[in-house]
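This report concerns only the one structure given below.
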Amino acid sequence: MVQHTTNRPKLTPYITFHRILISIVWINALVLAVVVAFDHSTSTISSFSSSRRRPVLPDATTAIVGAAGSDASTVSSDFSINNNNNNNSNSNSNSVSRRKLFTGISTTATAAALSLSPLILFSSSPPPVHAFTNAIPEAKKYGDRPKRKGTAPKDLGVLSRTTEGRDTSITSPRLRTCDGNPNCFSTTGDLLLEDRQMYGVDFLIPAWVPPPTNKDDESSRKLNSIDTIAAVMQTYEPGQGGIDGGGFTVIKRTESYLYYQFEALKKGYVDDVEFALLDPKNPLGGIQVRSGSRVGVTDFGVNAIRLNYIAKQLQTKYGWSIPEITADTHRDYWITATEAQEATFDEDRRNY
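Here it is as structure tokens:
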């Protein structure tokens with residue numbers, strides 16, 4: 001169930017940085033203004049004190065400026081108070097110069113703060129939500145979070161792939177295989193389980209097979225396999241099973257191939273999902289399938305939940321024959337997914 005919140009949007013790191021910067025500038029301007037006022041009162045007291053021939057120690061500003069580098073003695077002498085009655089005019093002149101100095105710095109700091117203040121005004125608006133247009137409403141809640149979309153594999157699509165059969169290698173046009181991490185399923189892989197487990201967990205699934213009478217219940221016309229999957233995907237519900245809250249979109253569609261991208265709700269992880277005809281010359285034939293995550297080792301069960309949902313729709317509406325991905329068919333995958341969920345006590349940190 002979607003929970004609607006009334007919390008105001010969180011600040012992005014960009015907004016927070018600029019607000020901190022502006023706060024520092026304003027604080028500096030305020031401190032300098034106080035120093036100017038203090039300097040003015042010190043100058044008045046100094047004039048009174050010098051008339052009584054009493055020595056006056058350098059103020060804090062003199063100590064700071066006088067400690068800078070090789071010019072310390074020169075600067076310190078310029079800002080020191082001369083107790084000689086003959087140099088009272090020089091003392092007054094130096095006090096005025098010092099006040100002008102701090103007034104100029106204060107004015108510059110204030111101008112800088114004013115020039116940067118529009119950044120707050122224009123940056124305080126909520127950042128755009130990076131999810132797909134069909135994302136669930138709750139996606140706005142996580143729109144200001146950094147997204148880890150990852151990079152799609154460069155060899156997606158139907159290409160010439162070589163896999164190991166029982167006694168020999170097999171090369172044929174196939175979808176991409178998986179790398180052995182528990183975050184991917186594919187109909188392309190080595191035939192023997194022991195060969196697949198050399199790379200990691202088992203990821204191989206059988207091709208999806210439509211019935212001989214694959215008909216659209218509404219129009220009673222025969223659909224080819226790719227069109228059937230495309231029709232089911234139009235009814236896919238982002239957020240089903242607690243996954244894909246960031247929505248999805250079709251990236252490429254041909255008569256024999258479909259490519260979708262799905263986005264996680266909170267962290268924006270993107271998964272690549274592909275469907276392709278086993279035999280491009282047989283549009284009513286079986287379908288190759290691949291669903292894989294770009295980022296992370298485990299997917300918390302996301303790819304299995306997604307494929308099982310799509311398969312269920314094909315079975316219910318069109319009578320396809322598709323085995324479910326379960327702990328019996330892919331034991332190591334589900335063990336890893338379950339352990340990851342249990343280890344992540346804070347549900348808000350989970351990637352789906």
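Each residue of the sequence shown is one higher than the one before, starting from 1 at the first, in the UniProt record's numbering. C-beta: ideal position from N, C-alpha, C; glycine also.
Margin query: Less than 7 Å between C-beta atoms, sequence neighbours within five positions excluded: which residues of the same chain meet that for T254?
Written below: none
Next item on the list: Quick one: grab the DSSP three-state call for A276.
Entry: strand
Checklist line | When Y318, R161, G268, F275 are compared against P212, the one with the closest alpha-carbon | finding: Y318
Checklist line | Counterpart residues of residue 354 in DSSP-defined beta bridges | finding: Because the chain is modelled from 1 through 352, residue 354 falls outside the range shown and cannot be assessed.
Next item on the list: Output the boundary residues of the alpha helix (DSSP H) element that contains Q313.
Entry: 302-318
Note to self: Strictly under 9 Å for the Cβ-Cβ distance: is P173 near chain D by that measure?
What the structure shows: Chain labels in this structure do not include chain D; a single protein chain is all it has.
Next item on the list: Inspect the beta-carbon positions of F275 and I226 and report whether they are closer than 9 Å.
Entry: yes
Note to self: Does the contact criterion of 3 or more C-beta pairs under 8 Å hold for the segment 162-172 versus the segment 287-296?
What the structure shows: no
Next item on the list: Below 6 Å CB to CB, which residues in the same chain sit around G301 once its five sequence neighbours on both sides are set aside?
Entry: A337
Check: Three-state secondary structure (DSSP) at T163?
Finding: strand
Checklist line | Simplified DSSP assignment, three categories, for S256 | finding: coil
Check: Where A139 and P146 are concerned, what is the direct C-alpha to C-alpha distance, given to the nearest angstrom?
Finding: 13 Å
Check: How many angstroms separate the CA atom of I24 from the CA atom of W334?
Finding: 51 Å
Item checked: Residue of V297, D179, G239 minimising C-alpha distance to E339 -> V297
Notebook entry, point to check: When the distance is taken between beta carbons, is A311 closer than 9 Å to E324?
Noted result: yes
Notebook entry, point to check: Among A207, F203, Q261, which has the Cα closest to the Cα of M233?
Noted result: Q261
Check: Looking only at C-alpha atoms, which of L192, R196, S172 sits nearest to G180?
Finding: R196
Notebook entry, point to check: Is the Cβ-Cβ distance between I136 and L265 less than 9 Å?
Noted result: yes
Check: From V201 to I27, what does the alpha carbon distance come to, in whole angstroms?
Finding: 58 Å
Checklist line | Nearest to Y309 (by Cα), restricted to the options K154, T168, T235, D190 | finding: T235
Margin query: Please report the distance separating the alpha-carbon of D272 from that of D167.
Written below: 32 Å
Margin query: I'd like to know whether the C-beta atoms of T188 and W320 end up nearer to each other than 9 Å.
Written below: no
Notebook entry, point to check: Can you give the Cα-Cα distance for N134 and G245, rounded to whole angstroms?
Noted result: 9 Å
Next item on the list: Note down, in chain order, each residue of its chain lying with its Cβ closer than 8 Å to the Cβ of S169, except the 5 sequence neighbours on either side.
Entry: T162, T163
Note to self: When you compare the CB positions of Y257 and G143, do they come within less than 9 Å of one another, or not?
What the structure shows: no
Item checked: Beta-carbon proximity of H330 to F203, cut-off 9 Å -> yes
Checklist line | In DSSP terms, what Q261 is bridged to | finding: T249, D272
Checklist line | Host alpha helix (DSSP H) of residue 391 (start-end) | finding: As shown, the chain starts at 1 and ends at 352. That puts residue 391 outside it, with no answer to give.
Checklist line | Euclidean distance between Cα positions of L192 and Q288 | finding: 18 Å
Notebook entry, point to check: Residue range of the alpha helix (DSSP H) that I229 falls in?
Noted result: 225-233
Next item on the list: Quick one: give me the first and last residue of the beta strand (DSSP E) that R290 is part of.
Entry: 287-293
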